[in-house]
Amino acid sequence: MDCLLNPPPQSILDLKAHAHQLIFRPRLDSFTCNACGLNGDRSPYICVQCDFMIHQECFSLPRLININRHDHRVARTSVLGVVNSVCGVCHQKVDWTWGGYSCQRCPQYVIHSKCATRNDVWNGKELEGVPEEIEDIKPYVVIYGNIIQHFSHKEHYLRFHVNGFFRDGNKRCSACTYPIGLQSFYECIDCDFMLHQNCAEFPRKKWHMLHNDRLTLVTSVAEFFWCIACRRMSNGFKYQCGYGVLDVLCCSVSEPFVHPSHPDHPLYYIRQVKYRQCYGCNGRTYNVLTCIESCCGFVLCFCCATLPQVVMHRVDDHPLSLCYGEKASGKYWCDICEKELNPSTWFYTSKDHRASLHTKCVLGDFAGLMPRSTIKYGSRSYEVVLNNSVSRPFCRVCESHCMYPISLKMLGTSDPYICSLNCQKRLNSLDNLTKKLEALYVLKTTKKESDDDDRTQLQALLLAEETAKKEPDYADRMQLVCMYCKYCCYASTNKVLTLKRHIYGGFEDQRLEP
10 MDCLLNPPPQ SILDLKAHAH QLIFRPRLDS FTCNACGLNG DRSPYICVQC
60 DFMIHQECFS LPRLININRH DHRVARTSVL GVVNSVCGVC HQKVDWTWGG
110 YSCQRCPQYV IHSKCATRND VWNGKELEGV PEEIEDIKPY VVIYGNIIQH
160 FSHKEHYLRF HVNGFFRDGN KRCSACTYPI GLQSFYECID CDFMLHQNCA
210 EFPRKKWHML HNDRLTLVTS VAEFFWCIAC RRMSNGFKYQ CGYGVLDVLC
260 CSVSEPFVHP SHPDHPLYYI RQVKYRQCYG CNGRTYNVLT CIESCCGFVL
310 CFCCATLPQV VMHRVDDHPL SLCYGEKASG KYWCDICEKE LNPSTWFYTS
360 KDHRASLHTK CVLGDFAGLM PRSTIKYGSR SYEVVLNNSV SRPFCRVCES
410 HCMYPISLKM LGTSDPYICS LNCQKRLNSL DNLTKKLEAL YVLKTTKKES
460 DDDDRTQLQA LLLAEETAKK EPDYADRMQL VCMYCKYCCY ASTNKVLTLK
510 RHIYGGFEDQ RLEP
């Protein structure tokens with residue numbers, strides 16, 4: 010019906026698509042489109058002079074674009090002409106006799122037309138006639154010898170060092186927030202600012218496969234952020250464009266990606282239509298790096314792909330290396346949390362293999378936060394502190410020793426430490442519950458019974474009961490005591506939260522059982 014109401018033109022002269030006039034052939038006719046290289050089964054436009062055929066929808070293919078898989082612009086061409094090439098997006102073979110996109114600066118880089126114009130690859134901007142901006146994206150300038158000035162720290166010069174301070178956990182890179190370790194690094198001449206050599210060389214702008222627009226390196230991070238690739242929290246340097254934010258480690262992952270756990274084949278980012286299970290942690294996610302070799306199926310999430318290969322921990326005097334899983338029949342136990350460890354997943358181990366540790370136990374939830382910095386999470390402010398003292402502090406929420414190397418210290422409280430992200434989220438939920446309960450209270454200086462008061466206080470009581478029932482063991486573990494009477498409900502345990510004082514007299518408080 011649409012063809013009857015809006016029939017396609019019988020002939021077209023579109024110099025962007027082809028140099029000659031194209032004639033419409035309205036019939037069932039199998040053909041291969043010269044523009045995209047895909048097969049069609051009906052109604053092509055043809056050139057009678059040179060046997061050129063094209064889909065109707067391929068007329069709208071842009072001439073010049075940027076894609077998130079390559080640093081340079083790519084241009085549409087009618088014949089790729091590169092023999093034995095693969096597509097830079099899907100990494101499948103490209104027929105050199107058909108059309109596609111290619112880079113003028115990198116002659117071997119070619120892309121299928123349909124792959125280049127996918128909505129997760131191209132930002133939809135046609136660049137024909139738009140002059141290419143020449144920007145200086147170098148992150149530093151060499152002053153002399155081994156002295157540089159980095160754009161993130163212009164007030165002082167940085168000096169290059171070949172060997173790192175491996176045993177000093179206080180020496181940390183301001184970009185990735187990880188310890189300097191044994192890596193080469195730059196150190197400020199006048200203050201404690203440091204950068205790994207690799208981190209210092211990150212460009213000021215770059216393209217990445219997880220975002221369609223060019224990302225800018227942001228070095229002054231006021232608040233923490235969540236990386237869209239690994240879902241870790243960080244307040245180090247970040248690459249950002251709008252709401253798309255990546256930490257520098259994930260943004261440094263490029264194709265082809267070679268990881269020591271899979272040295273024989275490179276890994277690529279292939280768009281997934283369903284969750285894939287990571288070989289490193291057994292977690293399931295969409296954003297994965299995949300081996301494209303047939304019958305391999307190796308998959309790696311960004312979190313595991315960016316784990317440090319060597320770390321230092323207080324449980325062992327020697328460096329711990331990342332082990333890529335073992336086939337073992339016996340049981341493994343983590344020396345930090347003293348819980349069972351799955352040997353088929355990645356873990357850290359000592360040189361003599363006497364120690365085995367969960368990767369999470371070694372790094373913790375706050376490895377991406379810079380010690381001595383301050384963050385705000387929910388309604389509370391925290392100082393990021395190293396857990397390297399002889400006596401480890403107790404967590405305010407789970408009341409266990411803080412076992413991870415970095416903890417959060419609440420500002421303005423006498424019971425200040427939070428050991429993990431899970432405990433922080435639980436505390437945040439309690440803070441939200443506090444606000445809801447306080448919003449329901451009818452505060453009065455004297456007792457006044459009314460139906461409205463009873464209804465309001467009953468709502469508060471039911472809200473507290475509902476929260477306790479969702480986590481039956483939560484009230485006991487948190488020592489959450491909901492004291493209530495006929496008119497009001499409040500939690501009286503200062504370790505968890507403090508509500509407004511019980512203003513009605515003459516009623517006996519009781520424990521609210523979950």
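The numbering of the sequence shown is my numbering, which starts it at 10 and goes up by one. Ideal Cβ positions, reconstructed from N, Cα and C, are used throughout, including at glycine.
In the structure shown, what three-state DSSP assignment does residue i receive?
i           : result
residue 440 : helix
residue 234 : strand
residue 296 : coil
residue 477 : Confidence in residue 477 is poor, its pLDDT being 49 and thus under 50, which makes the residue's placement too unreliable to answer from.
residue 29  : coil
residue 241 : coil
residue 224 : strand
residue 214 : strand
residue 136 : coil
residue 308 : strand
residue 258 : helix
residue 285 : strand
Please tell me whether residue i and residue j are closer than 8 Å, where the distance is taken between their beta carbons.
i           : j           : result
residue 377 : residue 245 : yes
residue 334 : residue 310 : no
residue 345 : residue 324 : yes
residue 314 : residue 271 : no
residue 97  : residue 79  : yes
residue 400 : residue 428 : no
residue 404 : residue 426 : yes
residue 89  : residue 69  : no
residue 239 : residue 343 : no
residue 586 : residue 62  : No answer is possible for residue 586: it lies beyond the span of the chain, which begins at 10 and ends at 523.
residue 330 : residue 357 : yes
residue 189 : residue 197 : no
residue 527 : residue 277 : In the structure as shown, the chain begins at 10 and stops at 523. Residue 527 is therefore absent and cannot be evaluated.
residue 148 : residue 213 : yes
residue 254 : residue 286 : no
At the level of alpha carbons, what is the spacing between residue i and residue j?
i           : j           : result
residue 242 : residue 30  : 57 Å
residue 382 : residue 106 : 57 Å
residue 36  : residue 56  : 16 Å
residue 380 : residue 292 : 28 Å
residue 109 : residue 135 : 15 Å
residue 262 : residue 420 : 36 Å
residue 326 : residue 431 : 29 Å
residue 180 : residue 321 : 13 Å
residue 442 : residue 390 : 18 Å
residue 162 : residue 144 : 20 Å
residue 258 : residue 303 : 29 Å
residue 52  : residue 123 : 19 Å
residue 47  : residue 337 : 48 Å
residue 185 : residue 205 : 8 Å
residue 364 : residue 328 : 11 Å
residue 412 : residue 397 : 10 Å
residue 480 : residue 221 : Confidence at residue 480 is low in this model, with a pLDDT of 48, below 50, so the placement of that residue should be treated as unreliable; the coordinate-derived value is given next. One C-alpha to the other measures close to 41 Å.
residue 121 : residue 49  : 16 Å
residue 233 : residue 187 : 15 Å
residue 402 : residue 438 : 22 Å
residue 384 : residue 392 : 6 Å
residue 219 : residue 279 : 10 Å
Roughly how far, in whole angstroms, is the beta-carbon of residue i from the beta-carbon of residue j, given that I think they are within contact range, below 8 Å?
i           : j           : result
residue 340 : residue 349 : 6 Å
residue 228 : residue 250 : With a Cβ gap of about 15 Å, residue 228 and residue 250 do not count as contacting.
residue 524 : residue 209 : In the structure as shown, the chain begins at 10 and stops at 523. Residue 524 is therefore absent and cannot be evaluated.
residue 195 : residue 217 : Going by Cβ atoms, the distance from residue 195 to residue 217 rounds to 24 Å, so no, they are not a contact pair.
residue 117 : residue 94  : 6 Å
Margin query: Quick check for students: name the residue ranges of the beta strand (DSSP E) that lie wholly in the stretch 43-106, counting only runs of 3 or more.
Written below: 48-51, 54-56, 61-63, 83-86
Notebook entry, point to check: If you scan the stretch 145-209 from start to end, which runs of the beta strand (DSSP E) of 3 or more residues do you find wholly inside it?
Noted result: Unbroken beta strand (DSSP E) stretches of 3 residues or longer found wholly inside the stretch 145-209: 149-153, 156-159, 167-170, 194-197, 203-205, given in chain order.
Checklist line | Residue ranges of each beta strand (DSSP E) within the stretch 376-433, 3 or longer | finding: 383-386, 389-395, 415-419
Next item on the list: Pick out the complete beta strand (DSSP E) segments inside the stretch 310-386, 3 residues or longer, and give them in chain order.
Entry: 319-322, 325-332, 356-358, 365-367, 383-386
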